[in-house]
Structure formats: C-alpha cells, structure tokens
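Student: Okay, so the sequence shown: first residue is 103 according to our numbering, each after it adds one.
Just so it is clear, CB atoms sit at the ideal spot from N, CA and C, and this is done for glycine as well.
The structure follows.
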Amino acid sequence: MDLHTGLPFWLIKNGLAYNYSSLKKDRKTQVVILGGGITGAIQAYFLAKAGIDFILLEKRSIGLGSTSASTALLQYQIDEPLSSLIEKVGESNAVRAYELCAESIETIKSISKDIGHDNYQVHPTLFYASYKKDVALIEKEYELHKSAGFDVDLWDQKKIKKHFDLDFPAALYSRHSAQIDAYKFCHQCMQYALKKGQQIYDRTEVVDIKHKKDGVKIETADGYTIQAEWLIYATGYEVVDFISKDIVDLNSTWAIVSEQFDDVKEFWHENALIWETKEPYLYMRTTADRRIMLGGRDENTNNPQRRQEALKEKSKKLAKDFAKLFPQYEFVPEFSWAGTFGSTKDGLPYIGKFKNKPQGLFALGFGGNGITFSTIAGELLRDIILGKENDDVKIFAFDR
Numbered sequence: 103m104d105l106h107t108g109l110p111f112w113l114i115k116n117g118l119a120y121n122y123s124s125l126k127k128d129r130k131t132q133v134v135i136l137g138g139g140i141t142g143a144i145q146a147y148f149l150a151k152a153g154i155d156f157i158l159l160e161k162r163s164i165g166l167g168s169t170s171a172s173t174a175l176l177q178y179q180i181d182e183p184l185s186s187l188i189e190k191v192g193e194s195n196a197v198r199a200y201e202l203c204a205e206s207i208e209t210i211k212s213i214s215k216d217i218g219h220d221n222y223q224v225h226p227t228l229f230y231a232s233y234k235k236d237v238a239l240i241e242k243e244y245e246l247h248k249s250a251g252f253d254v255d256l257w258d259q260k261k262i263k264k265h266f267d268l269d270f271p272a273a274l275y276s277r278h279s280a281q282i283d284a285y286k287f288c289h290q291c292m293q294y295a296l297k298k299g300q301q302i303y304d305r306t307e308v309v310d311i312k313h314k315k316d317g318v319k320i321e322t323a324d325g326y327t328i329q330a331e332w333l334i335y336a337t338g339y340e341v342v343d344f345i346s347k348d349i350v351d352l353n354s355t356w357a358i359v360s361e362q363f364d365d366v367k368e369f370w371h372e373n374a375l376i377w378e379t380k381e382p383y384l385y386m387r388t389t390a391d392r393r394i395m396l397g398g399r400d401e402n403t404n405n406p407q408r409r410q411e412a413l414k415e416k417s418k419k420l421a422k423d424f425a426k427l428f429p430q431y432e433f434v435p436e437f438s439w440a441g442t443f444g445s446t447k448d449g450l451p452y453i454g455k456f457k458n459k460p461q462g463l464f465a466l467g468f469g470g471n472g473i474t475f476s477t478i479a480g481e482l483l484r485d486i487i488l489g490k491e492n493d494d495v496k497i498f499a500f501d502r
C-alpha cells in the first residue's frame, strides 16, 4: 500500500537516519513485532524496557511508511469529541480514554528523555469553533473536560482575538499537548532497542503467518522462518491486509511546511497547536527550526494517483487557508505531501487480542492520535505479554 505522496518534511530533514539489515536466517524469539513505523518503534521501546526479547520486521526501510508523513501533533483530545464519545461508549470509558491520551503525552516525554529525543516540545492547544453553530459544542466540551479534571479554559471571541488575532466565536484552550519529530523519534526508539540487544530487520517482507494456540510461525519472502510466542501487529493502515473485520475507513490528508522564518520565535500565542470543529478540519503547528506546518483538506479516498494529482492544488488551498487566518505572515511552501488517514467508528484505536488470531496482539491507532494511541498500546500489550491484568484493555477491544 502506498501510504504517502510527495516530499514529507521529516524525511528530507533527517534523511535515512540509520541503516538496518534484512533477515538472513531462521530465528526463534518471544515476540515478533510486525511493522517498523512509529507504532512498531514504540512497542519495541516498551518491550526492550521490560526485558522481553523480540524481533521487529519491516518490509520497507524503517520509518518510510506513514510515519515520515506524520505531522506529529500530540493531543489528549481525539477526533471524536468527548460528548459524542460518551454517547457511543459510555461516560466511564470515554473519560478514561481521554485520560489515557493525556497520560501518554507525559509518557512520550519520559521516553524522549530516555532515548535522547530533543524535539519533544510542550505546547497548549487551541480548539476553536469554526462557526457560531459550533459554540454549543465547545461549551459542552469545556464542561465535560473541566469536570473530568483536565486543565482547560473556555475562551470567548474577545480573548481569542486578543491572543491570536483570530475572529472565532469560542474556543477550548487546553494544556495537555506537545509535538515531536515522529520520524526521528521512531529511529531513536529502534536504536534504544538495538542497544538493549534486540533484533530489528527492515526490507524483510512477511508472506505467510500461521497462528496456533502455543505460538506463531512467520515466513518471509526470502524463505526464512521465525517461531515466536506472540506476534504484535503494528502495521497501521495496512492492517486491512491481515484482518477481515471492517474496522477502519481509509482517507487521504494533505500537508505543507513553510520556508524558515528568520526572526520569528513565537508565531502566535505560545505557538499553540491549532485545530477546529469543521470537518474535515484544518490543523497546524510550528517546528523547532521556525517553520509552520499545517494540514487538512481531507478526502474520502485512498487512491495514490488521486493524492498525487491533487497535491499541487491542495497545497495552494492550504496556503490560502493559512493566509486567511494569519495574513501577517508570508507563507511560502517548501515541502508538501499527502498521506493515508484512517478513522474508526468511535475514534478509538483497536488494541489487544482478536479472536481469529491466537497469540496475536494488535496495536492499531488511527486518526489524529496515532502516536498517543500507539503509546497506550505499548503499555497494554506489554502487560498482556507479562501476564498482568489491565482493565483498560476492554476500552479498545475489537468487540467493544
């Protein structure tokens, strides 16, 4: 599956950060992680930290799937507003899902310190009402978030205008968010695992998987086999190749990054992450090297040809979207790309066991919270492998 089109900023910025070999002999291990993007990398970190032996396999080069195209906004708020998530999964599960996302951002901070990732940056989030009709949603979200203990404020039009010079009727201003360089973070997690004695192989395609009650047997395109007790599917959007259950709708999103600004340190109030109530929504952030990154203009298609054909047009429209909000900045796009974007029925990930895959575990985080969901999965799947009970697993179960 082609997961992105164009020139993702992180890939150009970091290049091929490290080299990994392909699998060249039969192996046995406790766990196999299938997928070498940021989801697989985070699973690798947690297993390595816990001293659980594993082999990670990636059919491309490490990080060259959707990870290199991630805009890497880390937010506790998910694509499904808390008010509507409560209606779908109940108040207890909905609030706990939001709490886990907030906790995961702190966990990513700890991981960043552990692996030497210097691009973790704490920023607040401005979630604004795109239209007057959305004010009721913002007010309801504020009440629910505040009562759940989150650090949020309800901003009116006057306060938004004062701090951002934007003309919107209401906004939720929260302080549980951050941003990273997803591609670099991915490689640094892999390097951490390698130093712990773990095995990571890229350019190694899996062509056959046999699940049994006592383990999993994996065969590669080169004819090598791996015997393992557990198999973690960290395949992201390519899970459609491994599971028959219809769990995700695949769409496309477009993103652009500006040229560097020489003399700007704060583009807007606290360089907050910004997104909106409109669907599809516009989202934006700044970068450590004084650029502006924004994305959106999503379409209900996963056709690589359509993504490529629309790249130039979408880039122009995104630049115009930004100019309407912040006309004081001359936004000159330097990088542009499009990537696969997935959504589930309730905005939550799928984590844990699937009945037709004995000894298989899934870490499937979709939507705008892929990285935070992957972090939640890392802790939950580690606990399952270690035989520890964790009640949070049921929130993200396939049969929820």
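Short of 6 Å in beta carbon distance, which residues of its chain neighbour ARG277, apart from the five on each side in sequence? Order them along the chain.
Tutor: If you number the sequence shown from 1, residue 277 lands on position 175. PRO226, ASP253, listed in sequence order.
Student: Nearest-angstrom Cα distance between PHE344 and ALA465?
Tutor: One-based indexing of the sequence shown puts residue 344 at position 242. One-based indexing of the sequence shown puts residue 465 at position 363. Approximately 13 Å between the Cα atoms of the pair.
Student: Leaving out five residues before and five after VAL72 in sequence, what residues of the same chain have Cβ atoms less than 8 Å from its Cβ?
Tutor: Here the chain comprises residues numbered 103 to 502, so residue 72 is not present and cannot be evaluated.
Student: Around the Cβ of ASN471, are there at least 16 other Cβ atoms within 10 angstroms (buried) or fewer (exposed)?
Tutor: Within the sequence shown, the letter at position 369 stands for residue 471. Classification of ASN471: buried, given that the 10 Å Cβ count is 16 or more.
Student: Check whether the Cβ atoms of LEU420 and GLY398 lie closer than 8 Å to each other.
Tutor: Counting from one through the sequence shown, the residue named residue 420 turns up at place 318. Counting from one through the sequence shown, the residue named residue 398 turns up at place 296. Taking 8 Å as the Cβ cut-off, LEU420 and GLY398 qualify as a contacting pair.
Student: Tell me, to the nearest whole angstrom, how far the beta carbon of VAL197 is from that of TRP332; I am working on the premise that it is less than 8 Å.
Tutor: As a working note, residue 197 is residue 95 in the sequence shown. As a working note, residue 332 is residue 230 in the sequence shown. Wrong, their Cβ atoms sit about 30 Å apart, outside the cutoff.
Student: Does the Cβ-Cβ distance between ILE144 and CYS291 come in under 8 Å?
Tutor: Along the sequence shown, one-based indexing puts residue 144 at 42. Along the sequence shown, one-based indexing puts residue 291 at 189. Against a cut-off of 8 Å, the Cβ pair of CYS291 and ILE144 comes out as a contact.
Student: Can you find the residues in the same chain that come closer than 7 Å, C-beta to C-beta, to THR477, ignoring five residues on each side of it along the sequence?
Tutor: Residue 477 sits at position 375 when you count from the first residue of the sequence shown. Answer for THR477: ILE144, SER206, THR209, ILE210, listed in chain order.
Student: Helix, strand or coil for ASN492 per DSSP?
Tutor: The residue labelled residue 492 in the question sits at position 390 within the sequence shown. DSSP places ASN492 in coil when its eight states are reduced to three.
Student: Closer than 8 Å by C-beta to PRO429: which residues in its own chain qualify, once you throw out the five before and the five after it? Chain order, please.
Tutor: Residue mapping note: residue 429 aligns to position 327 of the sequence shown, counting from 1. Hits under 8 Å: none found.
Student: From SER212 to GLN281, what does the alpha carbon distance come to, in whole angstroms?
Tutor: As a first step, residue 212 must be located in the sequence shown, where it is residue number 110. As a first step, residue 281 must be located in the sequence shown, where it is residue number 179. Those two C-alpha atoms are separated by around 14 Å.
Student: Decide if the segment 149-156 is in contact with the segment 348-361; the criterion is three or more beta carbon pairs, one per stretch, under 8 Å apart.
Tutor: The segment 149-156 is not in contact with the segment 348-361.
Student: Can you name, in chain order, every residue of its own chain whose Cβ lies under 7 Å from the Cβ of ASP104, other than the five neighbours on each side?
Tutor: On the sequence shown, residue 104 is found 2 positions in, with the first residue counted as 1. Low local confidence applies: a pLDDT of 46 at ASP104 is under 50, so the model's placement there is unreliable, with the coordinate-based value given in what follows. Correct list, in chain order: PRO406.
Student: Below 8 Å on the Cβ atoms is my guess for ASN221 versus ALA479; work out the distance and round it to an integer in Å.
Tutor: Taking the first residue of the sequence shown as position 1, residue 221 is located at position 119. Taking the first residue of the sequence shown as position 1, residue 479 is located at position 377. The pair is not a contact, with the Cβ atoms about 22 Å apart (cut-off 8 Å).
Student: Less than 8 Å between C-beta atoms, sequence neighbours within five positions excluded: which residues of the same chain meet that for GLY204?
Tutor: Residue numbering aside, residue 204 sits at position 102 when the sequence shown is read from its first letter. The displayed chain sequence assigns Ala, not Gly, to residue 204. Closer than 8 Å at the Cβ level, and outside the excluded window around ALA204, lie TYR178, PHE252, HIS278.
Student: For TRP112, name the three-state secondary structure that DSSP assigns.
Tutor: In the sequence shown, residue 112 corresponds to position 10, counting from 1. Correct three-state label for TRP112: helix.
Student: Can you tell me where the beta strand (DSSP E) holding HIS313 begins and where it ends?
Tutor: Translated into the one-based positions of the sequence shown, residue 313 becomes position 211. Per DSSP, HIS313 belongs to the beta strand (DSSP E) from 308-314.
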